[in-house]
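Residue numbers (the numbering used here): 483 to 830. In this text, a Cβ means the ideal position worked out from N, Cα and C, and glycines have one as well. Predicted model only: the values in this text are computed from it and were never measured. Worksheet for the structure shown next.
This is the structure in structure tokens:
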């Protein structure tokens, strides 16, 4: 059974995961972060070239210009990597900024066991399917307690059609106590790379929030759906196990992810686990009926919808120290609480 909480301890230790299913005070992301951007065809792309992008947002461009952010060229990033003694994280940051997975391969050539590079390359669309699975298995070997390694491997196994192995991998995640989707590490390194190539401190901080991808979430959502497709054909005991597994996946993402998109994907999985159940049935969440669990989840979704999300223009006139404090809170207590804090400060 899974517990359902409504408040998140802002001082919680994120390396320890509560494996009980809970509907926690889920955190919130800046709406701009979840905007999907297509791959740049020209890897030497500049902000001016980005204006041809159908997803290009002129408000963000204006904000980045005013905050002193410029996307570095490949040559500038190569110089940055050299100055940092070919550090693996510097190489990875360049790959993220340029949207070029060859940098992840290069990082693994420097350190074949680097978990961050293994994770990113296993998630990258350009990597061949069987190689992705091998990379995910190696990641799990390097970080045996990282539940995200199991979620990644399970999603890839499901995509390959091996549903039984995917379920087996997911069931093994109950024994894992750690959670690391590399979001904080990635955003910090992108921020460092931008600062190291001439962008302002504050602008680099905001850019790192808005432009760090979280592709694992779409895979997790698909995996949860795959698990739930097995419920109708399962006996009651097996069906309950599968529902609890789906709810647990959602709870993990809700409790531990930093962004609103984490919350929404997690809530979606939690809601999925209740599909096809009667209101008075016991839910996969401890001490709650299906009706009570649904009401709690809908209430949380309502809080997210009603959150006052600041737009880019709001940041243009904002004090730099305030922006940096906001970003630090995003990384520690999640974007929902960080945005609430920022709204309170902005209204003072």
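- In its chain, beyond the 5 residues on either side, 596, 599, 600, 603 have a beta carbon closer than 8 Å to the beta carbon of residue 590.
- Taking the Cβ atoms as the reference, residue 809 lies roughly 5 Å from residue 687, within the contact range of under 8 Å.
- DSSP links residue 771 through a beta bridge to 764.
- Contact annotation, residue 812 with residue 740: C-beta distance approximately 6 Å; criterion of less than 8 Å satisfied.
- The alpha-carbon of residue 780 is positioned some 11 Å away from that of residue 773.
- With 16 or more neighbouring CB atoms inside 10 Å of its own CB, residue 664 falls in the buried class.
- In the three-state reduction of the DSSP assignment, residue 790 falls in the coil class, being assigned neither a helical nor a strand state.
- Ranked by how close their Cα comes to the Cα of residue 728, the residues 745, 753, 700 have 753 in first place.
- Ranked by Cα distance from residue 768, the first of 726, 784, 793, 787 is 726.
- Pairing residue 672 with residue 751 gives a Cβ-Cβ distance that is not under 8 Å.
- As the crow flies, the alpha-carbon of residue 806 is around 16 Å from that of residue 793.
- Secondary structure at residue 660: strand, using DSSP grouped into helix, strand and coil.
- In its chain, beyond the 5 residues on either side, 615, 647, 648, 651 have a beta carbon closer than 7 Å to the beta carbon of residue 639.
- For residue 798, the number of other beta carbons within 10 angstroms of its own is below 16, and it is reported as exposed.
- Taking C-alpha positions only, residue 623 is separated from residue 635 by approximately 11 Å.
- CA-to-CA, the gap between residue 560 and residue 692 works out to about 23 Å.
- Contact between residue 588 and residue 573 holds: their C-beta atoms lie close to 5 Å from each other, under 8 Å.
- In the structure shown, the three-state DSSP call for residue 628 is strand.
- Counting along the chain, residue 673 sits inside the alpha helix (DSSP H) bounded by residues 665 to 678.
- Excluding residues up to 5 positions away in sequence, 747, 750, 751 lie with their Cβ nearer than 8 Å to the Cβ of residue 703 in the same chain.
- Taking a 10 Å sphere around the C-beta of residue 678, we find 16 or more other C-beta atoms and assign the residue as buried.
- Annotated three-state conformation of residue 643 is coil, per DSSP.
- In this chain, the alpha helix (DSSP H) harbouring residue 737 covers 718 to 738.
- A Cβ-Cβ distance of about 18 Å is found for the pair residue 742 and residue 689, leaving them out of contact under the 8 Å criterion.
- If you check the CB distance, residue 562 and residue 675 come in under 8 Å.
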